[in-house]
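Okay, so here's the structure we're looking at.
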Amino acid sequence: MRRRITLRAVLVALVVTAALVASFRPSVLREGRVHDLMFVVDITGSMNARDYEAGGRPESRLDRVKAALPEALRRLPCGSRAGLSIFTERRSFVLFLPVEVCENYAPVAAAIGLLDWRMAWEGDSRVADGLFHALETAKGRGYDVVFLTDGQEAPPLPWTGGPAFDGEAGAVKGLVVGVGGSAPIQIPKFDDLGRETGFWGVDDVPHESRVGPPPPGAENRPGWHPRNNPYGEVLVGTEHLTELRADYLRDLSAALDLGFVRLETGTDLARAIAETLPGRRLPSLADLAPLAGAVALALALAAFLLPALRRGAHRRAGPQHISRIDMTKGTKMRSRYMPVSRNAATLLAAAALAACLSAGDAAAHGPTPQKVEEAIEVGAPCELVWSTLLDFGAIAKWYPGLAKVEAEGASERGATRVITLENGETFTERLDEVDRVGQALTYRLAKENLKALPVSFYTARMAVTREGPQGKSCKVEWSGRLYRGDTTNEPPPELSDEAAVTAMSSFFRTGLEGLKKAVE
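Going by numbering that gives the first Met the number 0, the first residue of the sequence shown is number 0, and it counts up by one from there.
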């Protein structure tokens with residue numbers, strides 16, 4: 000006797016088929032517009048301000064960015080690439096270069112989720128300089144820049160305006176994304192262990208820039224003196240509060256031929272990227288696995304419901320039986336529709352679930368800061384040694400082998416020196432802090448040159464401590480915190496962590512030996 004094929008059996012077969020199709024992750028080739036992007040995230044202190052809301056609770060600006068970026072990535076077409084950088088002080092630091100978003104969504108989203116304000120190496124927030132650096136880094140690399148920031152410059156810009164961009168406006172396409180609300184709010188303050196201790200107060204931050212010429216009308220301020228105090232008394236403003244500096248960012252974006260948008264959701268950000276940035280045409284793969292999984296799930300649901308629908312229809316029609324003839328006995332037999340077995344239900348659920356699941360976990364990593372510490376004992380009075388170091392622009396007097404040093408500014412914060420090595424390569428350093436009581440100064444690399452030193456950034460500190468009686472001898476410590484020359488995940492040997500540490504250790508040791516020889 001031929002067995003009749005039921006509709007339910009057909010549905011089960013189709014569920015299994017769709018599940019198998021989904022498991023092979025089929026795709027079709029199509030041409031579309033894709034984007035190559037470097038997301039640069041501001042992680043400075045004001046990004047901890049909470050002027051968003053999520054689930055009825057306040058949400059910080061950085062947390063909103065961390066929630067919006069993965070959402071935006073999900074809406075980018077396959078074939079698009081995304082990388083991640085962080086901004087603090089005056090630099091953007093590449094964590095990893097752009098990778099394909101569909102194949103690498105999990106590790107990229109995980110890396111975004113791990114962003115933290117404690118990754119910042121300095122507290123300043125020089126937004127314009129950071130954006131300039133991001134554009135210069137992107138030049139010639141084939142990706143656009145998406146720079147996410149609240150736009151708060153700290154310390155404030157001088158009254159004459161912000162820094163000038165040395166590059167060509169529009170050479171790199173990009174989008175500036177303003178993060179934050181329009182109303183001024185307080186900025187959370189944290190201790191060295193990362194515990195919130197309150198908010199920044201009016202006396203904790205500078206409210207105007209005191210670099211360059213004083214502003215017009217400064218002579219009318221209390222305490223003004225043309226030589227000793229050309230700025231007058233310190234003004235009290237609202238720099239301890241923060242809000243989105245939308246007008247400033249909009250003007251800055253226009254000057255650089257970049258787009259500007261305010262951050263609300265990841266969907267809005269993805270739409271702004273599609274509308275603002277040109278992208279490129281690329282044959283890309285469209286993933287059909289979600290479609291096959293949805294079909295399998297719908298068919299499984301239909302297979303579950305079909306017997307129940309039939310039983311309901313027969314109940315409404317009254318008790319009915321299906322008669323069939325027993326050919327062996329010549330009698331009629333009656334049978335009712337049987338319910339779906341538990342085993343069949345389990346198989347259907349397993350097939351549908353397998354069609355909808357996909358996995359992929361990876362770890363994203365970037366360069367870590369390296370430390371270099373060198374010290375030497377000097378048989379000379381500490382005051383003599385300190386006065387020698389304090390002359391920031393006169394390093395050539397005691398450091399051997401320098402071809403030339405060009406200094407600008409007195410030995411105060413903001414002074415710079417351009418050091419030219421014997422091979423003609425130059426790099427620029429900027430003085431950050433002078434501790435005259437503790438006899439220590441700190442400075443940083445302001446403009447790198449990998450041919451001079453294989454480092455992309457460093458901060459350094461030189462300190463004098465007393466060793467012998469009455470300060471007749473002392474100890475000089477020279478320490479630094481640095482990042483290697485190539486900040487990608489696979490640097491060449493000459494730009495690796497080891498190369499950077501070796502070069503800086505040698506540079507410090509040579510200098511200390513030259514200082515000892517010069518003052519003893």
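Even glycine gets a Cβ: it sits at the ideal position worked out from N, Cα and C.
Asked: Contact between the region 148 to 160 and the region 121 to 137 is defined here as three or more beta-carbon pairs at a separation below 8 Å; is this criterion met?; Found: yes
Asked: Going by the CB atoms, is the gap between P183 and T237 shorter than 9 Å?; Found: yes
Asked: Buried or exposed for L75, going by 16 or more other Cβ atoms inside 10 Å?; Found: buried
Asked: Rounded to whole angstroms, what's the CA-CA distance from P289 to T275? Just pull it up for me.; Found: 29 Å
Asked: Looking only at its chain, what residues have a beta carbon closer than 6 Å to the beta carbon of Y230, apart from the 5 residues adjacent to it on each side?; Found: R209, P213, A217
Asked: Three or more C-beta pairs under 8 Å: does that hold for the region 257 to 265 against the region 83 to 100?; Found: no
Asked: Cα-Cα, which of S455, R483, R508 is closest to W477?; Found: R508
Asked: Distance, Cα to Cα, T487 vs R249?; Found: 31 Å
Asked: Leaving out the 5 sequence neighbours to the left and right, which residues in its chain are closer than 6 Å to H364 when beta-carbon positions are compared?; Found: In this prediction, H364 has a pLDDT of 43, which is less than 50 and means its spatial position is unreliable; nothing more can be read from the coordinates.
Asked: Would you say the region 51 to 62 touches the region 161 to 169, given that touching needs at least three Cβ pairs under 8 Å?; Found: no
Asked: Helix or strand or just coil, what does DSSP make of E497?; Found: helix
Asked: The beta strand (DSSP E) spanning I85 covers which residue range?; Found: 80 to 87
Asked: What three-state label does DSSP hand A153 in the structure shown?; Found: strand
Asked: Once DSSP output is grouped into helix, strand and coil, what is the label at K474?; Found: strand
Asked: Output the distance between the C-alpha atoms of C101 and R73, rounded to the nearest integer angstrom.; Found: 8 Å
Asked: Tell me the DSSP bridge mates of D434?; Found: A439
Asked: So what's D62 in DSSP terms, helix, strand or just coil?; Found: helix
Asked: Suppose the cutoff is 6 Å on Cβ atoms and the five residues either side in sequence are ignored; what does the same chain contact list for E88 look like?; Found: E121, D123
Asked: Please report the straight-line C-alpha distance between A409 and F391, rounded to a whole angstrom.; Found: 8 Å
Asked: Quick one: residues in its chain with C-beta nearer than 8 Å to the C-beta of R483, no 5 flanking neighbours on either side, listed in chain order?; Found: P366, Q369, P453, V454, S455, P490, L494, S495, D496, A498, A499
Asked: Can you round the beta-carbon distance between V404 and R416 to whole angstroms, since I take them to be within the 8 Å contact cut?; Found: 6 Å
Asked: Which residue wins for smallest C-alpha separation from V518, given the options T501, K471, S505, A502?; Found: K471
Asked: In the DSSP assignment, the alpha helix (DSSP H) including D128 goes from what residue to what residue?; Found: 126 to 137
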